[in-house]
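Here's the structure we're looking at; comments come further down.
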């Protein structure tokens, strides 16, 4: 039996490796349009921060290892352009311009996501960068190494934009960030979002919300970012305004698309065609809180859905719970964490949300080095169920969120949550963990 | 209605404050035998580390605040010696030797725990210390400040012993630890326990297991700790070999005692006498994994059971889930965390335990500053339920354990746990969190 996989990043290679492990007789053929496979895309901002580390450090496993040690037929530089579902064949063009085609018994689409490219005059100027694949990382690092870059404008304020701001700043580069909408991190509790914005400003990052860029111009050997009421003269521009599912191939093949035009999957990672599976950032997922389909492209989901697809393809039933909307990131010295729904999302999903936010301490009373920690929790008034939480602090925010993740998967109520026998020792938190405090406060409000 | 409370530490004062808040007409009378109320006992080793911080920093709320702002009749220096359940009266002696007595409608026993005092020749010599209440902390700090202490022997290797080793070492004092049993941290997975022991040895703490102390002698102006095949010439000895429930009063009053002679409670914090409640370290609790009674004296439980007792006393029903056996502590640069049962405990409770331990990384592939993290998980072969977990690392161990705590309260299976949508960002962990990795490995073994 031949399994063809389109795309050789997290989801594709997770599927390939596991499917071959499950069934060594399986003929696994992977087409990847770039030359890079299996790398940590999320690590790019941190790698870019360090001029002494090659971008290739981010490669988790080289193509040669997959080929020689795992017996996978991995073809890089092979772009698939068409899936013919009636003859069960994929076809495309390789890096040398030669056409290729191959028949499949089972097919996995793992084409990932693509960065949103704005229709912005000047977007194609040299020095205007996006950051999605390893080649983008190479390009940015190369630019920083060959030019004197002292000033960068980042368009967008999502995770990647924030991580890039810190990365560039650590190289001594001045950074301005712009976005058209008025709120910084709009999904976050406002007090917490303000604290995060202050963290950037403390590190001399210019945060310009409500600034809609009209065009980018070549200017004095550099670039000028022009908005209605602001201009930024810089040496480089990074556009990080989000991603979209790479679902064109699936769409052309007549497969059903869902939320945000992502490939629609059942709980077995199967598309609307019984021989075609999908995994990773190109596909949708069930949300564990709402039970509804969502499109939240993240690394863990990509790996997990790849494993599940591999199991189902090789005849070992595997069902995936879904995603909880967990996301964590670092903003200089701050840790930011969220999971589940915020108030707006909860309303949209038909819940009657109640919210509470508290400020507590990261260490016990009188313990040296204590810092503030903010914890927010949302629950449904009717059922008492926890719907989501957010945490923000200089320590202990990120790993604390996983307790709420576990509670969301268990459909735990706030009252049940207040009973949890959480860890306590003076260097790591107060007797009543901040999450227990916010749960108690929320319970009173309901 | 009069509520009398015996003991003014965490459990007693939590009950007092909350009962008065629930019902401001309540007459709340608290007898405390020492002069100290409401302090962070767990913070003592960290306070002792710093000669510039007074021990009084650990007082969370002064007695005056309870009296003046909360309207509580708090009498320190009042030792209760007897509870007469037929006439509903307590009696005792105050600090000046004057007898007192008072009638109650409801009574709360919050007498805490007492340190085990070994019947060891020389235990009463000056310079031999225990560490339980604030006066013990005062005595140790005073001794360190007035004598030239360069060398200390700690008898015992529990949390307090370990924290004291680090505390004294940070003051430049040489430390040797001894215990009679052969295994260092016997409840911990052996590879993890060895790593923890190495952490102590790296910091030049002498760890002497299998050394049973026979006597302590006055020697050359200092002390000599004498074992069968070892001697330690030191300036101070700290005996930290565990605690016992302070349940004498309850026992004399005819109340039912349970595990380890602790006061036996129902889920409403009621003793075998309907008008007498207990809370905190003197009392037992239900274990959330086994459903059986256990005696695990810890701060969160003390506070939580105090609140529950207050609610039930004031007519607002409150039931407490129980304890999960969660414990975390710091050993120099290491974080140690556990929750639930280990293999031996699981067997004793009638489960068929399967264990797995893995070593992973605290940060993503190629992320700078990554360190090893060890994660262990135990599950029941028959039902698939998670029974417990242990974590050990220089970062991210303590707060990660709370996800397992939540899973234990939810009676989650290992398979369900592998589905959790945990947090991921390169500075904080690998894509597959160490707990997910160990759960996957454990699932395969079952």
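Residue numbers (our numbering), protein chains in the order written: chain A, -11 to 434; chain B, -11 to 434. No residue lacks a Cβ here, since even glycine has one placed at the ideal position from N, Cα and C.
- Residue 9(A) has its alpha-carbon roughly 24 Å from the corresponding atom of residue 78(A).
- Straight through space, the alpha carbons of residue 253(A) and residue 205(A) are spaced by roughly 43 Å.
- Counting C-beta atoms within 10 angstroms of its own C-beta, residue 105(B) has fewer than 16 neighbours from the protein chains shown and is therefore classed as exposed.
- Counting only runs of 3 or more residues that sit fully inside the segment 99 to 128 of chain A, the beta strand (DSSP E) segments are 101 to 103, in chain order.
- Linking residue 172(A) to residue 183(A) through their CA atoms gives a straight-line distance of about 10 Å.
- Under the three-state reduction of DSSP output, residue 89(B) falls in the strand class.
- Using a Cβ-Cβ cut-off of 7 Å, residue 312(B) counts as an interface residue toward chain A, since at least one Cβ of chain A sits closer than that to its own.
- Listed by position along chain A, the residues whose Cβ is nearer than 7 Å to that of residue 319(B) form an empty set, because the closest Cβ is around 11 Å away.
- A contact is defined here as three or more CB-CB pairs under 8 Å, and the segment 308 to 315 of chain A meets this definition with respect to the segment 399 to 411 of chain B.
- Annotated as distal: residue 214(A) and residue 141(A), with beta-carbon spacing of 7 Å or more.
- Put simply, the CB of residue 409(B) is near chain A, with a gap under 7 Å to one of its CB atoms.
- Secondary structure of residue 23(B) (DSSP, three-state): coil.
- The C-alpha of residue 295(B) is placed about 14 Å away from the C-alpha of residue 403(A).
- Listed in chain order, the non-local C-beta contacts of residue 69(B) below 7 Å within the same chain comprise 79, 80, 81, local neighbours out to five positions each way being set aside.
- Contact between the segment 392 to 399 of chain A and the segment 422 to 432 of chain B is absent, with fewer than three C-beta pairs closer than 8 Å.
- Not flagged as an interface residue toward chain A: residue 43(B), since no C-beta distance is shorter than 7 Å.
- Secondary structure note for residue 34(A): its alpha helix (DSSP H) is the uninterrupted segment 32 to 36.
- In this structure, residue 380(A) and residue 264(A) do not form a Cβ contact; the two beta carbons are roughly 41 Å apart against a cut-off of 8 Å.
- Short of 7 Å from the beta carbon of residue 193(B), and not among the five residues preceding or following it, lie these beta carbons of its own chain, in chain order: 153, 157, 163, 165.
- Note that the segment 225 to 232 of chain A touches the segment 129 to 144 of chain A; at least 3 beta-carbon pairs, one per stretch, sit closer than 8 Å.
- Spatial neighbours of residue 135(A) in its own chain (CB-CB distance under 7 Å, excluding positions within 5 residues in sequence) are listed in chain order as 223.
- Within the DSSP secondary-structure output, residue 364(B) pairs in a beta bridge with 345(B), 378(B).
- In the DSSP annotation of this structure, residue 339(A) is not part of any alpha helix (DSSP H), being labelled neither H nor E.
- With respect to the C-alpha of residue 190(B), the residue from 320(B), -9(B), 354(B), 428(B) having the closest C-alpha is 320(B).
- Judged by beta-carbon spacing, residue 73(B) lies within the 7 Å limit of residue 261(B), meaning their Cβ atoms are closer than that value.
- In the displayed model, residue 274(B) falls within a strand according to three-state DSSP.
- By alpha-carbon distance to residue 198(B), the top candidate from 181(B), 284(B), 188(B), 169(B) is 169(B).
- Listed by position along chain B, the residues whose Cβ is nearer than 9 Å to that of residue 291(A) are 419, 420.
- Boundaries for residue 412(A): no alpha helix (DSSP H) harbours it, and the DSSP string shows neither H nor E there.
- Secondary structure note for residue 327(A): it is in no alpha helix (DSSP H), and the uninterrupted beta strand (DSSP E) holding it is 322 to 328.
- What residue 415(A) touches in chain B, judged by beta-carbon distance under 8 Å, is 34, 318, going in chain order.
- Per DSSP, reduced to three states, the secondary structure at residue 305(B) is coil, with no helix or strand assignment.
- Of 367(B), 390(B), 388(B), the smallest CA-CA separation from residue 427(B) is found for 367(B).
- The beta carbon of residue 23(B) sits closer than 7 Å to the beta carbons of 64, 65 from its chain, once the five residues preceding and following it are set aside; these are given in chain order.
- Closest in C-alpha terms to residue 378(B), from the list 431(B), 414(B), 148(B), 317(B), comes 317(B).
- Counting every other CB atom within 10 Å of its CB across the protein chains shown gives residue 350(B) a total of 16 or more, marking it as buried.
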